[in-house]
Amino acid sequence: MNSATFWSAAYFDTNAIRSEWQAHPMSLERLHRLQGGDFREDWFFKRYLNSAPIERAASVGAGRAETEVQMILKGHVHHFDLYDISPDGINSAKVTLEQHGLADRVTCHVVEPGVPALPRSQYDLVMFVASLHHMPELPKTLVAAVDGLRENGYLWCVNEYIGPDRFNYPAHHVDVAARVHSRLPAEFRKHQLDFIELPTPEEVAAADPSEAPTSSQILPTMRAMFPKMEVKDLYGAFAFIIFWGLQHDALYDTEEGRVLVRHLLEIDEVLGESGFLPSYFAHLVVKRPKNFNRLSTIIRFKARALLGF
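Here it is as structure tokens:
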């Protein structure tokens, strides 16, 4: 299956959405708390934009563009250019804005997979909402995004997956989740199995060729290219792994399931805060460097890569 076909279906697949650990109401509640009691668009607006509305932004791999729509509705951003390989998600965002009389606030761009071709120095903000880990040629993608920014503009990678490539989790990460999973009541375990069925990297790539080919390189690459990058850890290693082995309907439809998710997220947070497991998800923020130059940034990255960052 190609990536565009995969995402055209996945954007609106209720079962797929329920299987995502971050979609659960308890996960959203925790994210809200980690962001100081704010929704993520408000957290960013206050922390980085000083609550000052901006004129134009771009979102690459925008999907359904739910965060982007909220930023328009709340007055944080006047206009968004939405880029995606599938028309379905971004068109649904436009329909939502039409209902508010704001359809002219978005321009939808259906693009081929690859390094984004953004206009230079046009945007106050370029966003990847959990989509950077789908992008090919990571250094070129990052340079293209920052080159699209105006002076003092921001690159924001929203709730980005920075964990192992193709979900090929280290054995000791899996072991922590598996020990907890095997002790859960059978009704909360997927197919009542006492082990977690995980996809192989080959299965992940077959389902979606764009899924996390170099996700483990996002942090080191961005740090090498943009040393002043800021990171807001959102944890998720334990939660992501154990969710593969859970009966998702029970987690949504029963009070016991919702309580279980809350406790699992508490374990996840303790493991992340203590450093026992690394954070698999984070907000990543880069302010366009003064005198930014595409070529010199790539050269600096390659030099640091040779030195092992």
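Start counting at 1 in the sequence shown, then tack on 769, and there's your number in my numbering.
All residues carry an ideal CB built from backbone N, CA and C; glycine is no exception.
Note that the structure is predicted; figures quoted are calculated from it, not measured.
Taking 7 angstroms as the threshold (C-beta atoms), are residue j and residue i in contact?
i: D944; j: S985; result: no
i: F936; j: L1029; result: no
i: G1005; j: Y1049; result: yes
i: I854; j: P885; result: no
i: L1034; j: R809; result: no
i: R919; j: S951; result: no
i: F1007; j: D1037; result: yes
i: R1057; j: V912; result: no
i: G917; j: L887; result: yes
i: V915; j: L924; result: yes
i: A993; j: F1061; result: no
i: Y892; j: G922; result: yes
State the DSSP-derived secondary structure class of residue i, mapped to helix, strand or coil.
i: A785; result: helix
i: Y852; result: strand
i: G922; result: strand
i: F897; result: strand
i: E906; result: coil
i: I823; result: strand
i: H845; result: coil
i: A1051; result: strand
Short of 6 angstroms in beta carbon distance, which residues of its chain neighbour residue i, apart from the five on each side in sequence? Order them along the chain.
i: S788; result: H1017
i: F995; result: V1055
i: L818; result: none
i: V973; result: R935, F936 and E980
i: V879; result: P856
Residues in its own chain within less than 8 angstroms of residue i by CB, not counting five upstream and five downstream?
i: P939; result: P933
i: L837; result: Contrary to the premise, residue 837 reads as Glu rather than Leu in this sequence. Closer than 8 angstroms at the Cβ level, and outside the excluded window around E837, lie A826, S828, A831, V846, F849, L851, A862, V875, M896 and V898.
i: T865; result: V838
i: S796; result: W790, A1008, V1030 and L1034
What is the C-beta distance between residue i and residue j, in whole angstroms, given that I count them as a contact (C-beta under 8 angstroms)?
i: L907; j: I987; result: 7 angstroms
i: A1051; j: L1003; result: 5 angstroms
Leaving out the 5 sequence neighbours to the left and right, which residues in its chain are closer than 7 angstroms to residue i when beta-carbon positions are compared?
i: Q961; result: A955
Open item on the list: So, does the stretch 797-804 touch the stretch 868-875, judging by three or more C-beta pairs under 8 angstroms?
Closed with: no
Open item on the list: Three Cβ pairs or more, each shorter than 8 angstroms: is that satisfied between the stretch 970-984 and the stretch 1030-1048?
Closed with: no
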